[in-house]
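Below is one structure, written out as structure tokens; comments come after it.
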Amino acid sequence: MALLDECLALARVAGFYYITRKLIAIGLATANVSFTTLAVALSCINALLLNYVWERRSYGRSRRTHDESDQGPRLPPRYPCMIPFLGNVIPFLADSANSIRKAGSYAGNLVTTRVPFLGKDVYLIHDRETIRKVIKHQTLSSPMDLYIFSLKYMFGMPKRGLDAYRKDDSGPLSKPYHGSNVAPQDRIDYMLHENFIRQWSGPHHSTTTQRFKRALVARFDSVGLDNQWEPVDDLYDMMAKRVSAALTESIFGPSLLRLNPNFIDDLWKYDDVVPYLVRGFPRWLMPAPYRIRDQLRGQIEKWYAYARENFTADSIEADGDGDPYWGSEFVRHFQKMLSESGHDDAMLSAQDFGTIWAAGSNTVPSVSIACLHIFRDPVLLQRLRSEIDEAFPTAESLASASHQQLQKLPLLCSIFAETLRLHTKVFFGFSSPHEDAILGRYQLPKAQLGLWNSDLPHNDDTFWNTKGGQHPIKMFWADRFIVYPNDPESGPIRADLRKREVKVADEKNGSKPAFTTEGLDGAWVPYGAGIPICPGRLISKNVILHTTAFMVKNFDVELLTNRLEISNWRYGLGVGRPAHVVPARIKRRTEKDG
Numbered sequence: 004m005a006l007l008d009e010c011l012a013l014a015r016v017a018g019f020y021y022i023t024r025k026l027i028a029i030g031l032a033t034a035n036v037s038f039t040t041l042a043v044a045l046s047c048i049n050a051l052l053l054n055y056v057w058e059r060r061s062y063g064r065s066r067r068t069h070d071e072s073d074q075g076p077r078l079p080p081r082y083p084c085m086i087p088f089l090g091n092v093i094p095f096l097a098d099s100a101n102s103i104r105k106a107g108s109y110a111g112n113l114v115t116t117r118v119p120f121l122g123k124d125v126y127l128i129h130d131r132e133t134i135r136k137v138i139k140h141q142t143l144s145s146p147m148d149l150y151i152f153s154l155k156y157m158f159g160m161p162k163r164g165l166d167a168y169r170k171d172d173s174g175p176l177s178k179p180y181h182g183s184n185v186a187p188q189d190r191i192d193y194m195l196h197e198n199f200i201r202q203w204s205g206p207h208h209s210t211t212t213q214r215f216k217r218a219l220v221a222r223f224d225s226v227g228l229d230n231q232w233e234p235v236d237d238l239y240d241m242m243a244k245r246v247s248a249a250l251t252e253s254i255f256g257p258s259l260l261r262l263n264p265n266f267i268d269d270l271w272k273y274d275d276v277v278p279y280l281v282r283g284f285p286r287w288l289m290p291a292p293y294r295i296r297d298q299l300r301g302q303i304e305k306w307y308a309y310a311r312e313n314f315t316a317d318s319i320e321a322d323g324d325g326d327p328y329w330g331s332e333f334v335r336h337f338q339k340m341l342s343e344s345g346h347d348d349a350m351l352s353a354q355d356f357g358t359i360w361a362a363g364s365n366t367v368p369s370v371s372i373a374c375l376h377i378f379r380d381p382v383l384l385q386r387l388r389s390e391i392d393e394a395f396p397t398a399e400s401l402a403s404a405s406h407q408q409l410q411k412l413p414l415l416c417s418i419f420a421e422t423l424r425l426h427t428k429v430f431f432g433f434s435s436p437h438e439d440a441i442l443g444r445y446q447l448p449k450a451q452l453g454l455w456n457s458d459l460p461h462n463d464d465t466f467w468n469t470k471g472g473q474h475p476i477k478m479f480w481a482d483r484f485i486v487y488p489n490d491p492e493s494g495p496i497r498a499d500l501r502k503r504e505v506k507v508a509d510e511k512n513g514s515k516p517a518f519t520t521e522g523l524d525g526a527w528v529p530y531g532a533g534i535p536i537c538p539g540r541l542i543s544k545n546v547i548l549h550t551t552a553f554m555v556k557n558f559d560v561e562l563l564t565n566r567l568e569i570s571n572w573r574y575g576l577g578v579g580r581p582a583h584v585v586p587a588r589i590k591r592r593t594e595k596d597g
């Protein structure tokens with residue numbers, strides 16, 4: 004009984020006296036358990052609870068002293084955990100969204116926090132000031148840690164391939180990090196970064212966009228829609244798969260999908276199960292995700308054989324970019340560069356699979372959800388149609404429009420930005436391989452993982468304009484990114500912060516409403532920021548703007564449900580998907596409708 008008394012005494016200190024007393028009574032009454040065993044078990048539980056209470060109080064004190072102190076850079080406060088070594092792994096895997104939001108904020112403000120996770124600390128950086136420091140820090144310019152994680156768990160890169168990535172600590176810039184001794188031919192981070200930038204931020208991003216536009220029209224023409232209403236079981240699914248196919252074809256060419264007619268369906272099946280892979284479920288416990296992944300990589304390797312057999316230099320189109328076999332200069336260069344660096348087909352297919360999935364993981368859900376927001380709001384639909392019709396009176400004029408012309412439409416661009424703000428919940432990772440990174444009042448130790456999730460800065464109600472609460476930060480507001488010259492309370496930033504955050508006067512826009520992202524560094528980050536910003540962001544924006552305008556201009560859609568609930572199942576992987584089907588009716592618009 005002495006041990007039980009000690010257990011109750013410990014529980015009293017921890018604040019769990021009554022629940023512990025009840026557990027003892029239940030245990031003794033219903034189970035054949037000795038006093039000693041029960042007391043030891045409850046003592047362990049209470050010790051964990053006591054430790055957790057102590058850590059919570061210490062965290063609160065540390066949080067306040069960090070926020071009030073003017074001392075030099077130091078480690079962020081350490082977030083409390085219940086079980087030593089495991090840290091926060093269980094709550095973070097069970098409910099990533101809620102756990103990240105709790106750890107990333109304190110007393111209503113976004114914060115930087117050190118989170119214990121499987122014996123290590125992960126640095127969650129969410130306050131805007133520190134995010135801006137990260138963006139400008141050159142030693143944090145490589146997302147290699149997350150890249151390796153994705154290749155291993157999501158895309159099945161063989162160990163020999165992963166070793167090549169792990170050995171490269173030279174960074175993505177032309178000049179290697181100080182302290183790196185990686186040979187030039189082994190600088191895979193730099194080679195990948197340069198190829199992405201050259202192909203997707205240079206002149207070829209325009210030719211890719213043109214191929215996408217042609218492929219999109221062909222995909223919707225194949226549905227056979229006319230000016231009579233047609234039922235659609237799930238509008239989101241119908242749109243997403245056609246946009247996904249057009250985007251994949253614009254980068255990887257028509258042969259991949261022609262040889263593998265089920266590729267897009269399989270890709271979306273994979274997207275349904277990829278969170279299991281991210282959480283590390285082994286193949287023996289959860290074989291289906293691995294089976295789908297293997298099928299997709301097998302289809303990619305089948306395409307390799309066909310392209311190698313049939314491609315010649317004469318296959319390249321007049322623009323110097325596209326071709327019917329490899330699809331683009333981007334893919335051709337990847338094949339050559341990675342093959343020369345020692346990649347075999349198993350390694351190449353993992354790399355290409357990752358690129359195919361990543362190209363659509365934000366873009367395709369974004370444009371599909373943007374259209375759902377538009378078609379469920381008749382007033383917004385009419386406003387956007389008027390804006391598009393004024394600029395492009397006919398479907399043909401829209402089809403030939405450049406992305407620069409579309410970017411002059413403020414409402415269309417604001418819908419694009421607001422969709423990404425509200426629905427993009429993606430992790431960005433970084434580390435400094437050779438030295439501690441000083442980030443203002445905090446420091447990120449050498450080789451330690453830093454993360455932020457766009458969800459938190461995108462929903463910071465201390466920063467974003469809600470127009471006095473009329474447009475809550477958790478709700479879609481199509482005009483959030485528009486500055487109206489005669490409305491000082493318009494624009495994305497709260498009026499009381501705007502003069503401090505916006506360095507260029509809005510008067511430069513004259514008397515017309517204007518789309519703006521001025522002053523949003525560290526606050527609007529759907530594609531990341533700084534040197535490792537998503538290299539495909541320009542193509543992504545072109546795809547979203549053109550597809551949204553294409554749907555509004557060419558189709559009438561009647562949603563048969565008012566529900567629009569986004570699932571958190573893919574939290575951290577990009578834009579979420581509806582948690583339900585979206586039944587609808589759709590028909591083509593005619594000149595009479597316009």
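Residue numbers for the sequence shown follow this note's numbering, beginning at 4 and rising by one. The C-beta atom is built at its ideal place from N, Cα and C for all residues, glycine as well.
Taken through DSSP and simplified to helix, strand or coil, serine 102 comes out as helix. Annotation: alanine 248 to phenylalanine 215 spans about 9 Å, alpha carbon to alpha carbon. Rounded to the nearest angstrom, the gap between the Cα atoms of threonine 133 and proline 80 is 14 Å.
Of the candidates Glu252, Trp287, Asp240, Ile303, the residue whose Cα lies closest to the Cα of lysine 272 is Asp240.
For arginine 591, the enclosing beta strand (DSSP E) begins and ends at 587-591. Restricting attention to Arg131, Gly471, Leu452, Ser400, the CA atom closest to the CA of leucine 121 is found in Leu452.
Judged by DSSP in its simplified three-state form, lysine 428 adopts strand.
For asparagine 545, the secondary structure class from DSSP, reduced to helix, strand or coil, is helix.
For proline 94, the uninterrupted alpha helix (DSSP H) segment begins and ends at 92-97. In terms of Cβ geometry, serine 183 and proline 475 do not form a close pair [threshold 9 Å]. Apart from sequence neighbours up to five positions away, the residues of its chain that approach glutamate 320 with a beta-carbon distance below 8 Å are Asp326, ordered along the chain. Distance from the CA of valine 505 to the CA of aspartate 172, rounded to the nearest whole angstrom, comes to 37 Å. Bounds of any beta strand (DSSP E) do not take in tryptophan 306; it lies within the alpha helix (DSSP H) bounded by 290-313.
Arginine 311 counts as exposed, since fewer than 16 other C-beta atoms from the protein chains shown sit within 10 angstroms of its C-beta. In this chain, lysine 216 is not harboured by any beta strand (DSSP E); it is covered by the alpha helix (DSSP H) spanning 207-224. Within the DSSP secondary-structure output, glutamine 446 pairs in a beta bridge with Ile441. Setting aside the 5 residues that flank it on each side, alanine 440 is surrounded in the same chain by His140, Thr142, Leu143, Leu447, each with a C-beta closer than 6 Å to its C-beta; the list follows chain order. Burial state of lysine 477 is exposed, judged by a 10 Å Cβ sphere holding fewer than 16 other Cβ atoms. Residue state for threonine 68 is assigned as helix, using DSSP reduced to three classes. No Cβ-Cβ contact shorter than 9 Å links histidine 376 with leucine 219. Proximity of the stretch 449-463 to the stretch 94-110 meets the contact definition, three or more beta-carbon pairs being nearer than 8 Å. Here the stretch 328-335 does not lie against the stretch 278-285, with fewer than 3 beta-carbon pairs under 8 Å apart.
If the five residues before and after phenylalanine 199 are omitted, its C-beta is found closer than 6 Å to the C-beta atoms of Pro538, all from its own chain and listed in chain order.
Within the same chain, Met242, Thr551, Met554 come within 7 Å of cysteine 374 by CB-CB distance, once the 5 residues on both sides are set aside. Within a 10 Å sphere around the beta-carbon of lysine 178 sit fewer than 16 other beta-carbons, which makes this residue exposed.
Proximity to isoleucine 267 across Pro290, Arg296, Leu288 peaks at Arg296, based on C-alpha coordinates. In the DSSP assignment, arginine 169 falls within the unbroken alpha helix (DSSP H) covering 162-169.
Each of Gly443, Leu442, Ser434 was checked against the Cα of lysine 449, and the nearest Cα belongs to Ser434. Scanning Asn571, Pro278, Trp306, Arg135 for the CA closest to the CA of tyrosine 293 turns up Pro278. Counting the other Cβ atoms within 10 Å of the Cβ of leucine 387 gives 16 or more, which makes it buried. By the criterion of a C-beta distance shorter than 7 Å, aspartate 322 is surrounded in its chain by Thr210, once the five residues flanking it on both sides are discounted. Contact between the stretch 227-237 and the stretch 355-364 is not established, with fewer than three Cβ pairs separated by less than 8 Å. Each residue's CA atom was taken as its position, placing cysteine 84 and aspartate 124 some 12 Å apart.
Taking all protein chains in view, the Cβ of glycine 533 is crowded by 16 or more other Cβ atoms within 10 Å, so the residue is classified as buried.
Val486 is the residue among Val486, His207, Thr593, Val226 whose C-alpha sits nearest the C-alpha of lysine 515. With a cutoff of 9 Å on beta-carbon distance, alanine 481 and leucine 383 are scored as near each other.
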